[in-house]
Structures are given as structure tokens and as C-alpha cells.
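Input: a single structure, listed below in C-alpha cells.
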Amino acid sequence: MKKQDVIRPAKRLETRNRVIRSAMGRAGIRTQRDLAERMGLEEAVVSNRFTGRTKWDIDQLRDLDRAIHFQDEEMLKLIRG
285 MKKQDVIRPA KRLETRNRVI RSAMGRAGIR TQRDLAERMG LEEAVVSNRF
335 TGRTKWDIDQ LRDLDRAIHF QDEEMLKLIR G
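Following my numbering, the numbering of the sequence shown begins with 285 at its first residue and continues without gaps.
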């Protein structure tokens, strides 16, 4: 594997957060609290995902997509980084 093919965890987290925030804006969701409410989660759960303390699991990604409706390209960035 080439060095440029390796994505650092911090860069991956930054990319995912940027994609999520962009989709949140299109969906009219302004805060992590609003996103958590729409997903039926505690705000701390969503906050932990944004900070990288806890990873998004597949079920939460599905719920996230239902809440903010990712575009296909965005979903690929979320999955692949």
C-alpha cells in the first residue's frame, strides 16, 4: 500500500464531520442537539461520534441518513473516508 493511500484517523474524522455538517445544513438541522433529537439519541451520543470518542455503527449511519438524506457521493465519503 502506498503512503498516499493511507488516510490518517484524524483526517478521516474531519472529512466525515464535514460531510455530516454539510448534509445537516441542507436538511435545516443547525446543531448536534437537533440532530440527536431527530435520530432519537442523546446529544452526548452524537457528540461522541463527532469528536471520534466513539465510531458510528452501521445502524446509526442508516438512522443518520434517514435524518439528513445524504447524497450518494457523501455516503461514499462517510464509508470510505
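Even for Gly, the Cβ is constructed at its ideal location relative to N, Cα and C.
Between residue i and residue j, what straight-line distance do the alpha-carbon atoms span, to the nearest angstrom?
| i | j | result |
| --- | --- | --- |
| residue 320 | residue 362 | 18 angstroms |
| residue 296 | residue 312 | 24 angstroms |
| residue 308 | residue 314 | 7 angstroms |
| residue 339 | residue 305 | 16 angstroms |
Mapping the DSSP letters down to three states, classify residue i as helix, strand or coil.
| i | result |
| --- | --- |
| residue 341 | coil |
| residue 336 | coil |
| residue 312 | coil |
| residue 360 | helix |
With 16 as the cutoff for other CB atoms within 10 Å, does residue i come out buried or exposed?
| i | result |
| --- | --- |
| residue 317 | exposed |
| residue 326 | exposed |
| residue 358 | buried |
Let me make sure I understand the geometry here. Which of the options has the alpha-carbon closest to that of residue i?
| i | options | result |
| --- | --- | --- |
| residue 353 | 303, 337, 341 and 298 | 303 |
| residue 347 | 336, 306, 360 and 330 | 330 |
Looking at residue j and residue i, is the spacing between their C-beta atoms short of 7 angstroms?
| i | j | result |
| --- | --- | --- |
| residue 323 | residue 294 | no |
Using a Cβ-Cβ distance cut-off of 7 angstroms, determine whether residue i contacts chain B.
| i | result |
| --- | --- |
| residue 296 | Looking at the structure shown, chain B is missing, and only one protein chain is on hand. |
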